[in-house]
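Notes follow once the structure below has been shown.
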Amino acid sequence: MTADGNAVQDTVAGEELDVLTRLHPAQLERLHGRLEHEAAAAGAVDLVYTSTDTPVGKLLLVATDEGLVRVAFASEQHDDVLAALAGTISPRILRSPARLEPALRQLDEYFAGSRRLFDLPLDRRLSKGFRAEVLNHLPEIPYGRTESYAQVAAAVGNPKAVRAVGSACATNPLPVVVPCHRVLRSDGAFGGYLGGPEAKAYLLGLESAA
Numbered sequence: 202m203t204a205d206g207n208a209v210q211d212t213v214a215g216e217e218l219d220v221l222t223r224l225h226p227a228q229l230e231r232l233h234g235r236l237e238h239e240a241a242a243a244g245a246v247d248l249v250y251t252s253t254d255t256p257v258g259k260l261l262l263v264a265t266d267e268g269l270v271r272v273a274f275a276s277e278q279h280d281d282v283l284a285a286l287a288g289t290i291s292p293r294i295l296r297s298p299a300r301l302e303p304a305l306r307q308l309d310e311y312f313a314g315s316r317r318l319f320d321l322p323l324d325r326r327l328s329k330g331f332r333a334e335v336l337n338h339l340p341e342i343p344y345g346r347t348e349s350y351a352q353v354a355a356a357v358g359n360p361k362a363v364r365a366v367g368s369a370c371a372t373n374p375l376p377v378v379v380p381c382h383r384v385l386r387s388d389g390a391f392g393g394y395l396g397g398p399e400a401k402a403y404l405l406g407l408e409s410a411a
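For the sequence shown, this note's numbering assigns the number 202 to the initial residue and increments by one for each residue that follows.
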């Protein structure tokens with residue numbers, strides 16, 4: 202393309218952007234909803250995401266067609282999480298609160314104290330091997346109860362793998378929904394938690410108060 206052609210293209214793009222900036226937020230939301238619908242109909246989206254404010258900070262939710270694949274705390278930097286998922290799963294990502302409405306609703310119910318068990322399809326592809334075994338066990342820990350890292354290691358058939366259990370919990374791609382916050386050190390100390398000790402304390406306090 203010639204220099205004149207580039208200039209014309211830049212001018213057109215600038216005019217289109219100017220039109221968008223003058224649209225009412227409700228109009229932009231309708232346009233985005235249309236984009237969501239058309240992209241889904243064309244099979245052009247592999248990952249959808251949204252974020253939500255919670256008592257433990259803003260959470261990022263990401264899902265594939267198979268189910269919820271990632272929950273991330275603000276401390277993980279949501280843009281970095283999305284960039285990593287673009288590299289490991291697919292770069293075809295679109296914000297879509299509507300597609301994640303069941304997860305948003307169940308999180309609201311959980312934080313309101315009216316839900317004890319999440320009933321969502323999960324895409325567990327980000328956890329492999331022993332880590333996957335540990336994370337599969339965590340929902341079996343009853344609401345309001347805890348287990349030690351040693352107890353979890355024994356429950357998944359490898360009593361000596363206490364440190365590996367800690368690593369699995371620390372890298373849990375689906376915190377809150379897959380309750381790694383229910384795992385403590387043998388002395389009752391919190392141990393590490395991706396969302397920070399305040400978030401872990403809040404989640405344990407929420408469940409123990411029910």
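From the three backbone atoms N, C-alpha and C, an ideal C-beta is built for every residue, glycine too.
These numbers come from a predicted model, not from an experiment.
Rounded C-alpha distance that separates residue i from residue j
i: valine 353; j: glycine 396; result: 20 Å
i: phenylalanine 312; j: alanine 400; result: 12 Å
i: arginine 271; j: aspartate 388; result: 30 Å
i: alanine 275; j: leucine 301; result: 18 Å
i: proline 376; j: tyrosine 394; result: 9 Å
i: asparagine 373; j: glycine 268; result: 16 Å
i: threonine 347; j: leucine 308; result: 20 Å
i: alanine 321; j: proline 340; result: According to the sequence displayed, residue 321 carries leucine and not alanine. The straight-line gap from Cα to Cα measures roughly 12 Å.
i: alanine 356; j: proline 256; result: 31 Å
i: serine 328; j: alanine 410; result: 31 Å
i: asparagine 337; j: phenylalanine 331; result: 10 Å
i: leucine 262; j: glutamate 277; result: 13 Å
i: leucine 404; j: alanine 371; result: 16 Å
i: alanine 285; j: glycine 406; result: 32 Å
i: alanine 264; j: valine 282; result: 13 Å
i: serine 291; j: leucine 323; result: 17 Å
i: alanine 402; j: isoleucine 342; result: 17 Å
i: asparagine 359; j: leucine 305; result: 35 Å
i: phenylalanine 319; j: glutamate 408; result: 14 Å
Residue i in three-state terms, based on DSSP
i: aspartate 309; result: helix
i: glutamate 348; result: strand
i: glycine 258; result: strand
i: leucine 407; result: helix
i: alanine 273; result: strand
i: alanine 264; result: strand
i: leucine 323; result: strand
i: valine 246; result: coil
Closest Cα partner of residue i within the set the options
i: tyrosine 344; options: Cys381, Ala284, Arg306, Val263; result: Cys381
i: proline 303; options: Phe391, Thr253, Asn359; result: Thr253
i: glutamate 310; options: Val384, Val378, Ala356, Ala390; result: Val378
i: aspartate 280; options: Leu260, Thr255, Asp320, Asp266; result: Leu260
i: threonine 289; options: Arg326, Phe319, Gly258, Leu305; result: Arg326
i: aspartate 266; options: Lys361, Ala245, Ala411; result: Ala245
i: serine 349; options: Gly358, Phe319, Leu323, Ala390; result: Ala390
Check whether residue i and residue j have beta carbons under 8 Å apart
i: glycine 392; j: arginine 386; result: yes
i: alanine 351; j: valine 335; result: no
With a cut-off of 8 Å, do at least 3 Cβ pairs link the segment 285-301 to the segment 245-259?
Cβ pair count under 8 Å is three or more, so yes.
With contact counted as at least three CB pairs below 8 Å, one residue from each stretch, are the segment 360-368 and the segment 311-329 in contact?
Using a C-beta cut-off of 8 Å, the segment 360-368 makes no contact with the segment 311-329, since fewer than three inter-stretch Cβ pairs fall below that distance.
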